[in-house]
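In short: position in the sequence shown from 1, add 403, done, that's our numbering.
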Amino acid sequence: MGHPIFQTSFASIYPHYVTKVEKKGKTKAQLDEIIAWLTGYDDDGLAQALEDKRDFTAFFADAPKMNPNRSLIKGVVCGIRVEDIEDPLMQEIRYLDKLVDELARGKKFENILRH
404 MGHPIFQTSF ASIYPHYVTK VEKKGKTKAQ LDEIIAWLTG YDDDGLAQAL EDKRDFTAFF
464 ADAPKMNPNR SLIKGVVCGI RVEDIEDPLM QEIRYLDKLV DELARGKKFE NILRH
């Protein structure tokens, strides 16, 4: 079955991401750009994912093109190193969490989007 977050709708978590980055002076557009970098969702695709309330499993399974450089994302989220997470879906979710954290903390945008 997996972790409960897998069945949680992305649309229910997205507003929390928006609030987190906006409280730190960043924009929803910057958040969406990070999501696009990670998943390949364009604005319309992201809007559709939010509208149809797909869960995290479907959100990542349906992603147009997961960025091959996402494996360059390193660091700790919720006390766990993202590079050490063994479950592939949980790792994708934590990659996203890490990128959102970096944006909210003011890391340079060009450094968030690993190349």
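Beta carbons are placed, not taken as given, at the ideal position from N, Cα and C, and that holds for glycine.
Small disclaimer: the values here were computed from a predicted structure and weren't measured.
- Looking only at G509, T422, Y498, T442, the smallest Cα-Cα distance to L475 is reached by Y498.
- Beta-bridge pairing by DSSP links I483 to V480.
- Using a Cβ distance threshold of 9 Å, H419 and M493 do not count as a contacting pair.
- It is roughly 24 Å from the alpha-carbon of K501 to the alpha-carbon of E454.
- The beta carbons of L506 and L434 sit closer together than 9 Å.
- Contact annotation: the segment 442-450 does not touch the segment 479-486, with fewer than three C-beta pairs closer than 8 Å.
- Where D500 is concerned, the enclosing alpha helix (DSSP H) starts and stops at 491-507.
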